[in-house]
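Visitor: When the letters of the sequence shown are read in order and numbered with this note's numbering, they come out as residues 1 to 312.
Glycine residues also receive a C-beta, built at the ideal position from the N, C-alpha and C atoms.
Since we're looking at a predicted model, the values are computed, not measured.
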Amino acid sequence: MIRIRVQNGVHIESGRFYVLIDPTRRPSRAPSVVLLTHAHRDHYSPSALRLPPKVPIVMSRATRLLVDRGGRLRNVVEVEPNGEVEVSGIQLRAHEAGHILGSLQFSFEVEGLTITYTGDFNLEKRIILKPAEIVKSEVLLIDATYGDPRYRFPPRTELYARLVEEVKRETEAGGRVLIKSRRLGVAQEVTAVISFSTHITPVVEETIARYNNFYEEFGEIIGRYVTGSAPGRGAAVIAGLGQRAHDYTKVLLCTGWALKKGLPLSSHADFDHIVSYVKHSGASVVVPFVGFRRTLAEYLKSEYGLEANYGE
Numbered sequence: 001m002i003r004i005r006v007q008n009g010v011h012i013e014s015g016r017f018y019v020l021i022d023p024t025r026r027p028s029r030a031p032s033v034v035l036l037t038h039a040h041r042d043h044y045s046p047s048a049l050r051l052p053p054k055v056p057i058v059m060s061r062a063t064r065l066l067v068d069r070g071g072r073l074r075n076v077v078e079v080e081p082n083g084e085v086e087v088s089g090i091q092l093r094a095h096e097a098g099h100i101l102g103s104l105q106f107s108f109e110v111e112g113l114t115i116t117y118t119g120d121f122n123l124e125k126r127i128i129l130k131p132a133e134i135v136k137s138e139v140l141l142i143d144a145t146y147g148d149p150r151y152r153f154p155p156r157t158e159l160y161a162r163l164v165e166e167v168k169r170e171t172e173a174g175g176r177v178l179i180k181s182r183r184l185g186v187a188q189e190v191t192a193v194i195s196f197s198t199h200i201t202p203v204v205e206e207t208i209a210r211y212n213n214f215y216e217e218f219g220e221i222i223g224r225y226v227t228g229s230a231p232g233r234g235a236a237v238i239a240g241l242g243q244r245a246h247d248y249t250k251v252l253l254c255t256g257w258a259l260k261k262g263l264p265l266s267s268h269a270d271f272d273h274i275v276s277y278v279k280h281s282g283a284s285v286v287v288p289f290v291g292f293r294r295t296l297a298e299y300l301k302s303e304y305g306l307e308a309n310y311g312e
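1. Using CA atoms only, rank isn't needed, just tell me which of R50, Q105 and R183 is closest to H40.
2. From G185 to P131, what distance separates their C-alpha atoms?
3. So, is D22 buried or exposed, given that buried needs 16 or more other C-beta atoms within 10 angstroms?
4. Do the CB positions of A161 and G102 come within less than 8 angstroms of each other?
5. Counting pairs of beta carbons, one from the segment 94-101 and one from the segment 238-252, are three or more of them closer than 8 angstroms?
6. Since A142 and I238 are thought to touch, with beta carbons under 8 angstroms apart, how far apart are those beta carbons, to the nearest angstrom?
7. Using the Cβ count rule (16 or more neighbours within 10 Å means buried), how would you classify K180?
8. Measuring alpha carbon to alpha carbon, tell me which of E220, L263, V77 and R233 ends up nearest F329.
9. Please give the ranges of any beta strand (DSSP E) in the segment 183-270, keeping only runs that are unbroken, at least 3 residues long and fully inside the region.
10. Can you check which of these residues, H199, G219 and Q188, is closest to T207 by C-alpha distance?
11. Would the beta-carbon of E80 fall within 8 angstroms of that of Q91?
12. Determine contact between the segment 279-294 and the segment 124-138, defined as no fewer than three beta-carbon pairs at a distance below 8 angstroms.
13. Please confirm if the segment 210-230 is in contact with the segment 170-178, defined as three or more CB-CB distances below 8 angstroms between the two stretches.
14. What's the gap between the Cα of E13 and the Cα of G240?
15. Can you check whether the CB of V286 is closer than 8 angstroms to the CB of L140?
16. Smallest Cα separation from Q105: which of Y277, R16 and Y304?
17. Determine the DSSP secondary structure at H40, reduced to helix, strand or coil.
18. Where does G232 land, buried or exposed, given buried means 16+ other C-beta within 10 angstroms?
19. How many Å lie between F108 and H95 at the Cα?
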């Protein structure tokens, strides 16, 4: 008997094991193991990772450096894509997720069933990072951030072309473009696109510059950029989603939520890629764990006859 619960993380419990994934709150009892897919703060909290030393926390090296650069966590087990590790009697396999640097999917067996947890993932070929691997399993826990049919994004090549066209048109006319995106993830992709596809050297805020540098330390080439906050004429500035848009002649919003009023450039899979992952995974049971959970579950039931629910 396996119990899956989605509450401040994902809890997978059986008679012998308690696997806790991406916890955002300290659990009421110690799990057998904690899995951390990536370093975005909506997938963990520092307090949730302060567990007894006997509880191993599995993550990639890049994720560890992002969430614990000071090395205070003593119970971390590092694993990379295509790697395997046995922890607390559970054989864990790590897979590329293609979301941000260091992001992983995990698969393992509990009670004779193969379970895959995707974390946030992206299947598209992009200018940086490898795309996610589709992992075969019987039970699939999948990201449904954009698990609604309304969220179908244009191909990356089209989005890149639109981004370059907008930036070149505005800067060549002497304007100032503000490109707003998530600081860790899309901002690195946007930097690389502008750097490699135009003659413009983008200006990035300091936090983004630190992440850019971190990506390059791991072999992801971002290209040229400078750090600053007071651009002149003909400048392209890359900043976080919360950046104020004063003193700019054009603002480009790069996020999947900007489907109609920006460029839906996201490090998450869109609806069609989510469904494609489910179909090719071979899973008979699907549990969306975040986002449009109910919508995706009902779609998979009606269209494909899958056993789909959204946990307890």
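Guide: On the basis of the data shown:
1. Here residue 40 refers to the residue found at position 40 of the sequence shown. When only C-alpha atoms are compared, the closest one is R183.
2. Numbered from 1 along the sequence shown, position 185 holds the residue referred to as residue 185. Numbered from 1 along the sequence shown, position 131 holds the residue referred to as residue 131. Answer to the nearest angstrom: the Cα atoms are 13 angstroms apart.
3. Translated into positions along the sequence shown, residue 22 becomes position 22. With 16 or more other Cβ atoms within 10 Å, it is buried.
4. In the sequence shown, residue 161 corresponds to position 161, counting from 1. In the sequence shown, residue 102 corresponds to position 102, counting from 1. When the beta-carbon positions are compared, A161 and G102 stay at least 8 angstroms from each other.
5. No, the segment 94-101 does not touch the segment 238-252.
6. Taking the first residue of the sequence shown as 1, we reach residue 142 at position 142. Taking the first residue of the sequence shown as 1, we reach residue 238 at position 238. Contrary to the premise, residue 142 reads as Ile rather than Ala in this sequence. Contact doesn't hold; Cβ gap of about 30 angstroms is too wide.
7. For the purposes of this step, residue 180 is taken as residue 180 along the sequence shown, with counting starting at 1. Here K180 is buried, its C-beta having at least 16 other C-beta atoms within 10 Å.
8. Residue numbering for the chain in the displayed model covers 1 to 312; residue 329 lies beyond these limits and cannot be assessed.
9. For the segment 183-270, whole beta strand (DSSP E) runs of length 3 or above, ordered along the chain, are 235-239 and 250-253.
10. Taking the sequence shown and counting its residues from 1, one reaches residue 207 at position 207. Here the closest residue by C-alpha is Q188.
11. As a first step, residue 80 is located in the sequence shown; it is residue number 80 there, counting from the start. As a first step, residue 91 is located in the sequence shown; it is residue number 91 there, counting from the start. Their beta carbons are not under 8 angstroms apart, which means E80 does not touch Q91 by this criterion.
12. Segments in contact, yes.
13. No: the two stretches stay apart, fewer than three of their Cβ pairs being nearer than 8 angstroms.
14. Your numbering for residue 13 matches position 13 in the sequence shown. Your numbering for residue 240 matches position 240 in the sequence shown. So the alpha carbons of these two residues sit roughly 38 angstroms apart.
15. Start at 1 with the first residue of the sequence shown, and residue 140 comes out as number 140. Start at 1 with the first residue of the sequence shown, and residue 286 comes out as number 286. Cβ distance < 8 angstroms, so L140 and V286 count as in contact.
16. What you label residue 105 is simply residue 105 of the sequence shown in a count that begins at 1. It is Y277.
17. Translated into positions along the sequence shown, residue 40 becomes position 40. Of the three classes helix, strand and coil, the one that applies to H40 here is coil, per DSSP.
18. In the sequence shown, counting from the first residue as 1, residue 232 sits at position 232. A residue is called buried once 16 or more other Cβ atoms fall within 10 Å of its Cβ, and G232, having fewer, is exposed.
19. Along the sequence shown, read from residue 1 onward, the residue named residue 108 stands at position 108. Along the sequence shown, read from residue 1 onward, the residue named residue 95 stands at position 95. Annotation: F108 to H95 spans about 11 angstroms, alpha carbon to alpha carbon.
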